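The structure appears right after this line, and notes come after that.
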Amino acid sequence: MAGTNDETKGLNVQRVSREGSLSMYVADQLETLIVTGRIPVGEKLPTESGLCESFGVSRTVVREAVAHLKSLGLVETRRGVGSTVLRNTAPEAMPANRIRPTTVDDILHVLELRLNLEPAAAELAARRHTDEDKRILREKHAAFMQARARDGQARNEDFEFHCAIAAATHNPFFQSFYEQLSHGIIPRAKLMSIEINTSATHKYLARVEDEHADVLEAILARDGEAAREMMYQHLNRARNMYATFQES
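No gaps in the numbering here: position 105 of the sequence shown is 105 in the UniProt record's numbering, and each next residue is one more.
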């Protein structure tokens, strides 16, 4: 339902009714409005009370959402003035603030290995999966979405989704590859709690969820070439992102 107050009347925001972090859902909608130019650079966000009414949330939720936009460099807040849009592009969400050099090396080595195996596994899964595999793949993807909605790191659910793809190849060596490396195959599993960028986790995992959905769609469509390409893009994006920590 769209907000009814004058400040947000033309923005068509959605009142929050989903589980998970209320502030992140508000922040996500406001970020979309900024990125798409609905709230232009130089223009102020609606007032705190206006946002509370439109989204149907408390002032605390709105303040947390605006604080997140500030952390992305999208807005600035000044007492007596309000929050003003500074820019309409946000930097890529990163899962960590910093990572130990040895950990970065381990992550990149594992991703290099996965890049040479998992695109092929996705292609085979697309061509060979059974109805039971289809059920399991959908179940594991749903579990990942639920974990993300609870603001978890979804490490186990991430592992289980990729493991289900390996099982759907019906080649036991792909599955044993996953079983040997276990959850350490997921880069986030190697991060210490003090390294995790909690403010960016929701947005980062939303992108991972979208990429998983693309892989799953291609597999279920039995489009082997697309499944290979979607998996390659998913892992290569991760490799390029973690490589930035090595460069810094």
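All C-beta atoms, glycine included, are put in the ideal place defined by N, C-alpha and C. Source: prediction; values computed, not measured.
Distance between residue j and residue i (C-alpha atoms, nearest Å)
i, j, result
"residue 166", "residue 179", "10 angstroms"
"residue 22", "residue 221", "34 angstroms"
"residue 39", "residue 45", "7 angstroms"
"residue 34", "residue 234", "26 angstroms"
"residue 130", "residue 225", "18 angstroms"
"residue 133", "residue 146", "20 angstroms"
"residue 72", "residue 172", "44 angstroms"
Residue i and residue j closer than 8 angstroms at C-beta
i, j, result
"residue 200", "residue 95", "yes"
"residue 61", "residue 83", "no"
"residue 266", "residue 152", "This structure gives no information on residue 266, because the portion of the chain shown stretches from 1 to 248."
"residue 122", "residue 239", "no"
"residue 144", "residue 157", "yes"
"residue 195", "residue 107", "no"
"residue 125", "residue 219", "yes"
Distance between beta carbons of residue j and residue i, contact taken as under 8 angstroms
i, j, result
"residue 136", "residue 164", "5 angstroms"
"residue 204", "residue 93", "4 angstroms"
Residue i classed as buried or exposed, judged by whether at least 16 other C-beta atoms fall within 10 angstroms
i, result
"residue 102", "exposed"
"residue 57", "buried"
"residue 169", "buried"
"residue 148", "buried"
Identity of the residue in the options nearest residue i by Cα
i, options, result
"residue 119", "174, 32, 79, 30", "174"
"residue 160", "25, 212, 46, 130", "212"
"residue 209", "245, 246, 198, 140", "140"
"residue 87", "128, 55, 32, 53", "32"
"residue 187", "70, 28, 111", "111"
"residue 138", "162, 193, 198, 245", "162"
"residue 78", "89, 97, 48", "48"
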